[in-house]
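Undergrad: Residue numbers (my numbering), protein chains in the order written: chain A, 1 to 127; chain B, 128 to 489.
1) Closest by CA to residue 478/B, which one among 358/B, 145/B, 468/B, 448/B?
2) Quick one: is residue 147/B near chain A, going by C-beta distance under 8 Å?
3) Rounded to the nearest angstrom, what separates residue 249/B and residue 215/B at their Cα positions?
4) Please identify, using Cβ separations under 8 Å, the residues of the region 402-432 of chain B that lie next to chain A, in order along the chain.
5) Do you know whose CA, among 436/B, 431/B, 131/B, lies nearest residue 273/B's CA?
6) Pick out the complete beta strand (DSSP E) segments inside the region 150-197 of chain B, 3 residues or longer, and give them in chain order.
7) Could you tell me which uninterrupted beta strand (DSSP E) segments, each at least 3 residues in length, are contained entirely in the region 28-96 of chain A, listed from first to last along the chain?
8) I think residue 354/B touches residue 163/B, with their Cβ atoms under 8 Å apart; what is that distance to the nearest whole Å?
9) Do residue 161/B and residue 137/B count as a contact pair if the criterion is CB distance below 8 Å?
10) Going along chain A, which residues have a C-beta under 8 Å from residue 363/B?
11) Could you tell me which residues DSSP puts in a beta bridge with residue 214/B?
12) Interface residues of chain A around residue 158/B at Cβ under 7 Å?
13) Tell me whether residue 102/A sits in a helix, a strand or coil according to DSSP, three-state version.
14) Report back the beta-carbon spacing between residue 38/A and residue 63/A to the nearest angstrom; my notes put them in contact at under 8 Å.
15) What three-state label does DSSP hand residue 479/B in the structure shown?
16) Within 8 Å of any Cβ in chain A, is that where the Cβ of residue 440/B sits?
17) Should residue 251/B go down as buried or exposed, given a rule of 16 or more other Cβ atoms within 10 Å for buried?
18) Give the DSSP bridge partners of residue 125/B, in chain order.
19) Return the residue from the list 277/B, 213/B, 148/B that minimises the CA-CA distance to residue 245/B.
20) Find the nearest neighbour of residue 338/B within the set 292/B, 286/B, 476/B, 462/B, judged by alpha-carbon distance.
21) Could you tell me which of 385/B, 153/B, 343/B, 304/B sits nearest to residue 221/B, measuring between CA atoms?
22) Give the straight-line distance between the Cα atoms of residue 30/A and residue 207/B, rounded to the nearest whole angstrom.
23) Could you check where the beta strand (DSSP E) with residue 265/B kicks off and where it finishes?
24) In angstroms with no decimal places, state the Cα-to-Cα distance between residue 11/A and residue 100/A.
25) Between which two residues does the alpha helix (DSSP H) harbouring residue 347/B extend?
26) With 9 Å as the C-beta to C-beta threshold (strictly closer), list the residues of the region 60-76 of chain A near chain B in chain order.
27) For residue 493/B, I'd like the list of residues in its chain whose CB is within less than 7 Å of its CB, leaving aside the five on either flank, ordered along the chain.
28) Quick check on DSSP: helix, strand or coil for residue 260/B?
29) Using the Cα positions of residue 326/B and residue 279/B, report the straight-line distance between them to the nearest angstrom.
30) Can you tell me which residues form a DSSP beta bridge with residue 202/B?
31) Counting pairs of beta carbons, one from the region 434-442 of chain B and one from the region 386-403 of chain B, are three or more of them closer than 8 Å?
32) Using the three-state DSSP reduction, which class does residue 353/B fall into: helix, strand or coil?
33) Pull the bridge partners of residue 145/B from the DSSP assignment, please.
34) Which residues, in order along the region 92-104 of chain A, keep a beta-carbon less than 7 Å from a beta-carbon of chain D?
35) Going straight from the alpha carbon of residue 306/B to that of residue 296/B, what length do you get?
36) Which residue comes first and which comes last in the alpha helix (DSSP H) that contains residue 285/B?
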């Protein structure tokens with residue numbers, strides 16, 4: 001199971017990546033996709049919608065279960081990844097390439113408060 | 128946690144294990160969907176040794192089952208024939224669903240669900256003692272005489288079993304559905320829980336690992352309980368504890384075809400069923416929009432509300448399907464709505480058998 005060191009993480013198994021233009025990409029971790037199994041349905045938030053950190057933002061469903069994806073940060077939805085809606089299995093194939101949605105207008109302090117790879121790894125190991 | 132004799136092999140094969148009714152069982156070996164397709168298109172195998180075979184022997188074996196089971200064992204006339212039945216309580220609720228195999232009037236085998244086996248045995252023993260019948264009940268899940276059960280299912284299942292067990296071929300080649308034959312230590316039945324052809328093979332537990340690995344070498348893919356659930360749902364087969372339980376009448380769970388109310392024979396639960404006729408239709412749902420139907424979601428129909436008892440994404444149909452308990456006037460072809468989170472999505476009522484022998488039926 002992989003936990004890239006250049007990403008930030010949440011206790012609810014989202015990963016967060018700051019892109020070159022300052023937008024923030026969000027997905028679910030490799031651990032989360034492995035727990036869920038084959039994904040078959042993904043519902044993403046509305047573009048331009050406002051999200052509050054900790055709020056339900058998306059839903060990922062596997063054959064066996066549905067799981068909420070929470071907004072890791074407060075901000076605005078800048079974009080959603082239509083390709084994972086069309087082919088949810090992309091998340092199983094590479095959880096860190098298959099981002100779900102992007103946010104803008106986020107706060108740098110909120111971002112800094114997220115888990116680093118080592119801290120997230122400890123959460124996974126303890127589970 | 129209980130373990131089957133194949134537990135170590137599952138772990139070595141990279142299975143993701145889950146607690147299934149107190150049993151440490153493989154849910155998948157990587158991809159549940161790939162395993163599902165293997166059974167529909169080729170051959171897959173399931174370790175179902177957590178299910179419990181119970182051997183019945185004695186002069187009263189047949190009268191005992193005539194009274195114990197909602198289906199009628201009088202239908203079993205040929206040695207090896209199998210019958211699906213519910214076992215009811217006095218209120219007409221389902222204690223368990225099971226398969227009964229007939230050997231002769233003094234010898235039968237029941238195969239009951241894993242999580243209910245102990246409850247079933249207590250119930251059967253109490254009934255036997257109460258009715259003062261001469262029949263022994265011997266569970267075969269533990270101890271020196273323990274059996275393992277491997278279900279090999281799929282269009283190529285039979286061929287791959289013959290290749291693996293050539294000595295059994297002659298005896299099991301001619302088995303039509305719902306029959307069984309004993310060949311040496313192997314008990315081979317043409318039953319299953321996937322809607323595909325195949326065998327369920329019971330054998331001494333200590334020989335299970337050798338057979339499992341030989342089947343694997345013959346190209347039979349190990350499949351977990353995840354695929355078993357999507358396969359049985361596509362086949363429109365009920366899951367005990369989900370589609371029915373002790374509070375549900377078999378008539379409201381699509382099992383009326385297994386309940387014999389017309390014959391003069393009396394059985395446990397019959398009076399309750401006669402007193403309380405069917406109150407629900409048990410039918411299939413096909414989701415017309417994107418999303419996944421799940422157990423306990425509400426269904427709005429023209430004639431009132433219903434509830435999904437099992438729902439999933441069908442890998443064969445590439446859309447979501449469900450089994451649902453609906454109002455009595457619901458019928459195949461009706462347009463209904465299912466509430467998924469905060470949305471009402473359109474669905475169509477269909478016959479609950481979605482896929483059979485690789486073919487989509489709805």
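Glycine included, C-beta positions come from ideal geometry on N, C-alpha and C.
These numbers come from a predicted model, not from an experiment.
TA: Judging by the given coordinates:
1) Within the second chain, the letter at position 351 stands for residue 478/B. For residue 478/B, the nearest C-alpha among the options comes from 448/B.
2) Here residue 147/B is taken as the residue at index 20 of the second chain, counted from 1. No, because no Cβ of chain A sits closer than 8 Å to the Cβ of residue 147/B.
3) Numbered from its first residue, the second chain carries residue 249/B at position 122. Numbered from its first residue, the second chain carries residue 215/B at position 88. Computed Cα separation, rounded: 14 Å.
4) 417, 418, 419, 421
5) Along the second chain, read from residue 1 onward, the residue named residue 273/B stands at position 146. Out of 436/B, 431/B, 131/B, 131/B has the C-alpha closest to the C-alpha of residue 273/B.
6) 150-155, 171-174, 179-184
7) 39-43, 56-62, 66-70, 75-80
8) Residue numbering aside, residue 354/B sits at position 227 when the second chain is read from its first letter. Residue numbering aside, residue 163/B sits at position 36 when the second chain is read from its first letter. Sure, about 4 Å apart at Cβ, within 8 Å.
9) Residue mapping note: residue 137/B aligns to position 10 of the second chain, counting from 1. Residue mapping note: residue 161/B aligns to position 34 of the second chain, counting from 1. No, these two residues do not count as a Cβ contact at 8 Å.
10) Counted from its first residue, the second chain places residue 363/B at position 236. Within 8 Å Cβ-Cβ: nothing; residue 363/B doesn't reach chain A, min ~17 Å.
11) The residue given as residue 214/B occupies position 87 in the second chain. Answer is 196/B, 223/B, bridged to residue 214/B.
12) By 1-based counting over the second chain, the position of residue 158/B is 31. Those within 7 Å of residue 158/B in chain A are 38.
13) Reading the first chain from its first residue, position 102 is the one you call residue 102/A. If DSSP states are grouped into helix, strand and coil, residue 102/A belongs with the strands.
14) By 1-based counting over the first chain, the position of residue 38/A is 38. By 1-based counting over the first chain, the position of residue 63/A is 63. Indeed, because the Cβ distance is near 5 Å, the residues count as touching under 8 Å.
15) Here residue 479/B is taken as the residue at index 352 of the second chain, counted from 1. Of the three classes helix, strand and coil, the one that applies to residue 479/B here is coil, per DSSP.
16) Taking the first residue of the second chain as position 1, residue 440/B is located at position 313. Yes, residue 440/B lies at the interface with chain A (some Cβ there is under 8 Å from its Cβ).
17) Taking the second chain and counting its residues from 1, one reaches residue 251/B at position 124. The residue in question, residue 251/B, is buried, as its Cβ has 16 or more Cβ neighbours within 10 Å.
18) Residue 125/B lies beyond the residue range present for chain B, which begins at 128 and ends at 489; the question has no answer from this structure.
19) Indexing the second chain from 1 puts residue 245/B at position 118. Measuring from the Cα of residue 245/B, the nearest candidate turns out to be 148/B.
20) Numbered from 1 along the second chain, position 211 holds the residue referred to as residue 338/B. Nearest of 292/B, 286/B, 476/B, 462/B to residue 338/B, Cα basis: 292/B.
21) As a working note, residue 221/B is residue 94 in the second chain. Nearest of 385/B, 153/B, 343/B, 304/B to residue 221/B, Cα basis: 385/B.
22) Stepping through the first chain from its first residue, residue 30/A is reached at position 30. Stepping through the second chain from its first residue, residue 207/B is reached at position 80. C-alpha separation (whole angstroms): 49 Å.
23) Position 138 of the second chain, counted from the first residue, corresponds to residue 265/B. From DSSP, the beta strand (DSSP E) with residue 265/B extends over 263-266.
24) Position 11 of the first chain, counted from the first residue, corresponds to residue 11/A. Position 100 of the first chain, counted from the first residue, corresponds to residue 100/A. Roughly 17 Å separates the two Cα atoms.
25) One-based indexing of the second chain puts residue 347/B at position 220. Unbroken run through residue 347/B: none, as it is neither H nor E.
26) 61, 62, 63, 64, 65, 66
27) Only positions 128 to 489 of chain B appear in this structure, which leaves residue 493/B out of reach.
28) By one-based count along the second chain, residue 260/B stands at place 133. Note: residue 260/B maps to coil in three-state DSSP.
29) Position 199 of the second chain, counted from the first residue, corresponds to residue 326/B. Position 152 of the second chain, counted from the first residue, corresponds to residue 279/B. For residue 326/B and residue 279/B, the distance between alpha carbons rounds to 5 Å.
30) Taking the second chain and counting its residues from 1, the one referred to as residue 202/B is at position 75. None, per the DSSP bridge assignment.
31) no
32) Position 226 of the second chain, counted from the first residue, corresponds to residue 353/B. The answer is helix: DSSP assigns residue 353/B an H, G or I state.
33) Looking up residue 145/B in the second chain gives position 18. Looking at the DSSP assignment, residue 145/B forms a beta bridge with 152/B.
34) Of the chains in the structure shown, none is chain D; the protein chains are A and B.
35) On the second chain, position 179 is the one that residue 306/B refers to. On the second chain, position 169 is the one that residue 296/B refers to. So the two alpha carbons sit approximately 15 Å from each other.
36) Sequence index remark: in the second chain, residue 285/B carries index 158 (1-based). Element bounds for residue 285/B: 284-291.
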